[in-house]
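One structure is given below, encoded as structure tokens.
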Amino acid sequence: MACSFSSRLHDHVNAVFQDSYRKQVVIDGETCLLDILDTAGQEEYSAMRDQYMRTGEGFLCVFALNNIKSFEDVHLYREQINRVKDSDSVPMVLVGNKSDLGTRTVESRQAQELARSYGVPFVETSAKTRQGVEEAFYSLVREIRKYKETNRSNKKSKKSTQRRCTIL
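Take the sequence shown: its position 119, counting from 1, is numbered 119 in full-length UniProt numbering, and each next residue is one higher.
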């Protein structure tokens, strides 16, 4: 479910999943380790994919801008992620790949509307030219950080309300 992060990514092919890659980057002044697994929609490994979904903190839902079926399947992957994570609020970025191609079956407007309905960012990328690839991953890291901060704030407010004592 992710694009390649490096042109050398295909040197690191895993026998089960198409691509697995780790990279340490600095985003907004903070260091983070990207642990990227590209399942490329491999249905035959759904049990393993579920396991990786359980441990993943955020997801790039990638579809091909020249393949309407891949766009239509995005909702299935989103539902599966939400089911596995047992949450309707999972850090995610919708990614339209193959922006370098002249022909499209999915317009930017359609993808932007879908992303807006999910409450997630949308980024167009080209794995071939690398346009937008870094932006997609950086957007995802920002979504993960925003999610963690929101959960941290919610836990603090719950704790503060639990500490109140009323004497009648």
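Just so you know, even glycine gets a beta-carbon here, dropped at the ideal spot from N, CA and C.
Note that this is a predicted model, so its numbers are computed, not measured.
What does the Cβ neighbour count give for residue i, buried or exposed, with the cut at 16 atoms within 10 Å?
i: G132; result: buried
i: N97; result: buried
i: G56; result: buried
i: R109; result: exposed
i: R22; result: exposed
i: E79; result: exposed
i: S70; result: buried
i: L33; result: exposed
i: G58; result: buried
Put residue i into one of helix, strand or coil per three-state DSSP.
i: Q24; result: strand
i: T125; result: coil
i: V150; result: Here residue 150 is Thr; the residue named in the question, Val, does not match the sequence. Note: T150 maps to helix in three-state DSSP.
i: R130; result: coil
i: V16; result: Note on V16: pLDDT 36, under 50, position unreliable in the model; the coordinate value appears next. If DSSP states are grouped into helix, strand and coil, V16 belongs with coil.
May I ask which residues mark the beginning and end of the alpha helix (DSSP H) holding residue i?
i: R109; result: 108-118
Below 8 angstroms on the Cβ atoms is my guess for residue i versus residue j; work out the distance and round it to an integer in Å.
i: M53; j: V84; result: 4 angstroms
i: D86; j: S126; result: D86 to S126, Cβ: 34 angstroms. No contact.
i: L60; j: L140; result: 6 angstroms
In the DSSP assignment, the beta strand (DSSP E) including residue i goes from what residue to what residue?
i: T31; result: 30-38
- Task: Counting only runs of 3+ residues fully inside the segment 50-106, write out the beta strand (DSSP E) ranges in chain order.
- Result: 59-64, 92-97
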